[in-house]
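Asks: Residue numbering for the sequence shown follows numbering that gives the first Met the number 0, beginning at 0 and increasing consecutively.
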Amino acid sequence: MLSQTEDALIQRLTTFLPADIEVIPLPDTPSDLARPFERGQVCVYFAGLSGRPGPGTSGSVETRHQVWQLLLRHRHKRTGGGLYALIDSCRALLSGYLPPGCAGRMQLLEESAPEVLDGIWVSFMTFAVPAANLPLPDPETVQKLVRATWHNDPHHHTTTVEKPA
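#1: For Ala130, which beta-bridge partners are listed by DSSP?
#2: Sorted by chain position, which residues of the same chain lie with C-beta nearer than 6 Å to Ile119's C-beta, five sequence neighbours on each side aside?
#3: Does the Cβ-Cβ distance between Tyr44 and Leu32 come in under 7 Å?
#4: Write down every uninterrupted run of the alpha helix (DSSP H) in the segment 74-126 whose length is 4 residues or greater and which is fully enclosed by it, in chain order.
#5: For Gln10 and Thr4, what's the separation of their Cα atoms in angstroms?
#6: Is it buried or exposed, Ser88, if we count other Cβ atoms within 10 angstroms and call 16 or more buried?
#7: If we ignore side chains and look at the alpha-carbon of each, how far apart do Ala102 and Ala130 end up?
#8: Excluding five sequence neighbours on each side, which residues of the same chain lie with their C-beta closer than 6 Å to the C-beta of Ser94?
#9: Look at the alpha carbon of Thr13 and the alpha carbon of His64, and state the distance between them as a whole number of angstroms.
#10: What does the Cβ neighbour count give for Gly50, buried or exposed, with the cut at 16 atoms within 10 Å?
#11: In whole angstroms, give me the CA-to-CA distance for Arg104 and Val66.
#12: Taking 7 Å as the threshold (C-beta atoms), are Thr28 and Gln212 in contact?
#13: To the nearest angstrom, report how far apart Phe36 and Thr62 are at their CA atoms.
#14: Which residues bound the beta strand (DSSP E) around Pro24?
Below, the structure is given as structure tokens:
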């Protein structure tokens, strides 16, 4: 499911960003990350899963979020679009986007301030999207099953209920 979400994010950004912006999954090695790019580049990667039980649910209902990050790199800060335009575009394209296989829409969590790394303007964006998961039954609200036996003797009806152990 993570691959499906990553592919959908890359496809959405590739479709709507200018052709001179390269959109790729985060490379496996630092040397691959250091390879040159034309003007701008967006690297998409899974940054983890967060979750916690909902209040008052005895720990049975847990909200999970997939956390996704974008590494935005551009040769210019403002000129010809630059990093500022790339930040604005990525925010607009992914905020509220519903990736396939997810249980909700993407929410922007954080953006870093632009900084220069290795002679290139760089920024990070962090998004979270609700992850599909199965809720566990709440032991306080789940109907308790009991064994019931009905005896039908002439002129005498009795129901015996055995309490759960």
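By construction, the Cβ of each residue, glycine as well, lies at the ideal position given by its N, Cα and C atoms.
Replies: So, from the data block:
#1: DSSP output for Ala130 lists Cys101 as bridge partner(s).
#2: The answer, listed in chain order, is Arg72.
#3: No Cβ-Cβ contact shorter than 7 Å links Tyr44 with Leu32.
#4: Counting only runs of 4+ residues, the alpha helix (DSSP H) found wholly inside the segment 74-126 occupies 81-93, in chain order.
#5: Taking the straight line from one Cα to the other gives about 10 Å.
#6: Of the other Cβ atoms in all chains shown, 16 or more fall within 10 Å of the Cβ of Ser88; this residue is therefore buried.
#7: Approximately 5 Å between the Cα atoms of the pair.
#8: Only Leu107 meet the Cβ criterion.
#9: Each residue's Cα considered, the two are about 24 Å apart.
#10: Looking at its Cβ environment, which holds fewer than 16 other Cβ atoms inside 10 Å, Gly50 is exposed.
#11: Rounded to the nearest angstrom, the two C-alpha atoms are 12 Å apart.
#12: The chain is shown only over 0 to 164; residue 212 falls outside these bounds and no answer can be derived.
#13: Annotation: Phe36 to Thr62 spans about 38 Å, alpha carbon to alpha carbon.
#14: That run of the beta strand (DSSP E) goes 20-24.
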